[in-house]
Amino acid sequence: MYEEMTQAFLCSSDHEVMLWQRAGVRVPEKLQAIFNPLDNYGLLKALYGLGGVLSVARTLQGEEKMRLALTNCAKSAHVKLNATTLMLTIEHSFGARQYQFPRTTDQLTKLKSVYHAEFTDVRTFLLENADVETQETLHLLAQTENGTAEHVLGEEMLHVKPLLDVMRDDKNMFWWIGGVQLGAGFNGDSVEKQLRETPLRCALELRRQMPHLYITCQVGFIASTFRMLLPPANTHVTENFKVAEAILCAAGATYHVTPEGFLVAAGSLVEMHMKVKEHIHRHVTLIQAFARTLFCGNKLRKRAGAWRDILQKIDLQRQKVIGDEKYRFQNRRLHHVQLLDLMEEENTVRSRISEECWGKYISLQHSFQEQMEILLVQVVASSIHKEEKHLHLAMRHNHKEKLRMIEDYIKERVTRHRAHLDSVIEEQLGGKCRQKYTEKLNRAHECLLREREKSELRRKQMESALERKRSKSEASRMAREQEVQEKNKKLLLRQHQSRAVRDKIQQARDDFNETIQAQMLLQDMESKITRQVREEVMSFRRQETDRLTQQLCEERKRREAAAIQAAKKNERRSLQRELCVQRKKELQESRRRHVMQKQLDMQQRQQRAAERLERAREQQRRKVMWEILGAETSLRKLPLYEHRSGKTYLRRNKSDGQLSEPLVLSSGKKAYKRILSESSLRGLLEYHTTKPRANSPYPYATPKR
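Going by full-length UniProt numbering, the residue at position 81 of the sequence shown is 81; the numbering climbs one at a time, nothing skipped.
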């Protein structure tokens, strides 16, 4: 069984590993029969599944309902129920455990956890059953303190980070769940929840017989990862197995050989890793220095290119300017004549327009003044009319208001008097005896007569007063009308006077404007004549200076053209001389190189042919020796590990050959196990030490990162 187990663990495929990870425990198919009677996963389902023990404990209160639910739970092979006492017995790999219903708080917390104390053994078991890639990476990284190797690999294999963190932590056993996503059907949280309660004692008991201090390492892994530790004497060796053996011997490691590779002691693996780390540090520094020099070289090359482009641009600009100047000198005289004509035309047009504008301006000013005076007269007349109308309306309104007030007052007195008379009559009529009634009537009648007389008297008085008032208001009205007439007369007189004054002022203003206009016309004529004289003098002078400057320019151009022609001839001659010398030199150099290359090619061909023959002989000899040796060992003794088939066969140790069948993904592609080789490690190093970061002030890696 021990042989069978080790074979199953060592030769497991990716697909099997993935299935075990999904199930929560890494158990191969061949061991399933051994573990079935101790299947804690089934127990978990009975405890935590739908309608399981824990859900019963949470939900149901009544005893009858609880008994029914617990009977359903007891259908599981792991659970036994005592129906009378409601005692639940659950068997698992630690033995039997009992739970009492109806439950207390303490019993509920018991239900929630299956106790487990041995974290170290569990971690060992899980680590030894991890897939090869995770194993390799973990054993390379587990011992470092944020070192270079961790920095280099951490970027590419992010799923290893949680493993590293938790490997140093004693509280969390199931460290692979959080980081590694293992396919579409894998739900990390629920599996982790289940696995927190999965006791693995059964597997550990079996596993303890294996030397857990030794770590399974493939040949290719050692040969590629620790290639730096290969002693110089063995560099000619090509076979991976021998290379790995030489590395382990040179490092003084303790190890055992298996058909798959080596079982290497953990301590010696750590020592080897520390040495590799030192090498890597050295390499990083070198690569960084090289990258910096390369960067500087590129910068210099770019700068030189930029200077060359600038010089070419300057040259082109110079040629363009020379061409423009030539063209301008040829066409200059024609342009000058045209310009003079244009200026003359422009001046005449400008003077004509200014005269027209001035005439229009003066006529506009006259018309504006006339309009303003008419408008002022209209405004004054309308304001006087408005004032008169307003006064008349106010007088009428006051008169009406007084009459209305008097009328109201009379009406009020009459109504009051009537009311008083009514009350008196009612009092008189309401008496008990007739006599009093008649007396009252008489008295009332007398009173009424008296009142009538009084009211008549009062009315007469009021009428006389009204008459007086009316006559008085009439007199005042007449006086007011006379005053208004006098005022109007005065106003008309004043208007006549002001109009006469205005006419005089206007006459004076017109005379003044005419004199000013005559003066301005005189001044304009004078300035025009002086300007024309000045312009003629200036144009004559300008023509003279232009003629002189043109003569001078033509002479200078002739001189410059002659100098340029001479310089070009000299330059052409010197260039031809240099080119001839250079061609001769190049011809000699190419001949010499051709001869040397021929000799070298012949030597290399002979050397390579000899090497090929030697290699073929060596391979043939080694193959024959290996076959003889294999046949001899297989005849003499049985091998340590027997494989699934009954036959014994030898495995070739190929580092690059795939050691398992591929996992077919949903897209149809095949995913093989990746093995960390020397070339991939070198690629990682180059990537991490030379890749410029986008916005970083330090674009290349430093010794600290």
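Note that CB positions come from ideal geometry on N, CA and C, so glycine has one too.
Owing to the predicted nature of the structure, the values given are computational and were not obtained by experimental measurement.
Rounded to a whole number of angstroms, what is the C-alpha to C-alpha distance between residue i and residue j?
i	j	result
residue 788	A518	Lying outside 1 to 705, the shown extent of the chain, residue 788 is not represented and no answer is given.
G668	A265	40 Å
R350	Q506	34 Å
K557	E571	21 Å
T71	L269	55 Å
R468	K460	12 Å
D601	Q565	53 Å
V25	F241	With a pLDDT of only 45 at V25, under 50, the local geometry of the prediction cannot be trusted, and the value read off the model is given with reservation. For V25 and F241, the distance between alpha carbons rounds to 33 Å.
L548	N298	57 Å
N36	A69	Unreliable placement is indicated for N36, whose pLDDT of 49 sits below 50; the coordinate value is still reported in the next sentence. About 26 Å.
S367	K504	18 Å
H276	A251	According to the sequence displayed, residue 276 carries Val and not His. Each residue's alpha carbon lies about 11 Å from the other.
R352	L342	16 Å
Q607	L230	27 Å
V664	V56	42 Å
C580	S590	16 Å
S645	P662	Reliability fails at S645, whose pLDDT of 48 lies under 50, so the model's placement of it is uncertain and the value that follows must be treated cautiously. Roughly 20 Å between the two C-alpha positions.
A610	D315	60 Å
Q485	A479	10 Å
L248	V257	11 Å
H335	R301	50 Å
L263	T254	9 Å
I628	R292	55 Å
F512	S382	33 Å
Q371	V377	10 Å
W307	N331	37 Å
R534	Q319	43 Å
L364	V537	39 Å
R583	I322	34 Å
G305	Q599	38 Å
L492	E412	50 Å
A567	D309	25 Å
R592	E586	10 Å
M625	L635	15 Å
Mind checking whether residue i and residue j have CB atoms under 9 Å apart?
i	j	result
A444	V424	yes
A244	I222	yes
C217	G261	yes
L448	L429	no
V380	Q495	yes
A74	L86	no
M272	F226	yes
Q98	I90	yes
E355	D524	yes
E427	K440	yes
R67	A77	no
S473	H397	no
Can you tell which of the options has its C-alpha closest to the C-alpha of residue i?
i	options	result
E325	A561, K454 and L88	A561
E373	R502, Q603, T225 and R458	R502
D510	E64, I362 and D524	I362
K490	E555, I384, V533 and N442	I384
Q550	R328, H256, E632 and I310	R328
T348	E426, R531, T545 and E439	R531
H417	T438, E453 and H397	E453
residue 706	E439, K436 and L466	For residue 706 there is no data in the structure shown, the boundaries of the chain being 1 and 705.
residue 707	H336, Q576, A394 and L613	Nothing in the structure corresponds to residue 707, since the chain is present only between 1 and 705.
S539	Q312, P259 and L339	L339
R682	S224, Q604 and A77	S224
E387	N442, K487 and W307	K487
L391	K472, E481, V624 and S455	E481
Does any CB atom of chain D fall closer than 9 Å to the CB of residue i?
i	result
V533	The structure shown has no chain D; it contains just one protein chain.
Report task. Decide yes or no for the touch test of the stretch 230–237 against the stretch 280–288: beta carbon pairs closer than 8 Å, at least 3 of them. Result -> no
Query raised in the report: Which residue spans inside the stretch 512–574 form an unbroken beta strand (DSSP E) run of at least 3?
Result: none
Report task. Would you mind listing the beta strand (DSSP E) stretches within the stretch 254–336 that are 3+ residues and don't spill past its ends, in chain order? Result -> You should have 255–257 and 261–265.
Requested in this report: Identify every run of the alpha helix (DSSP H) within the stretch 357–391, keeping only runs that are complete inside it and at least 4 residues long; order them along the chain.
Outcome: none
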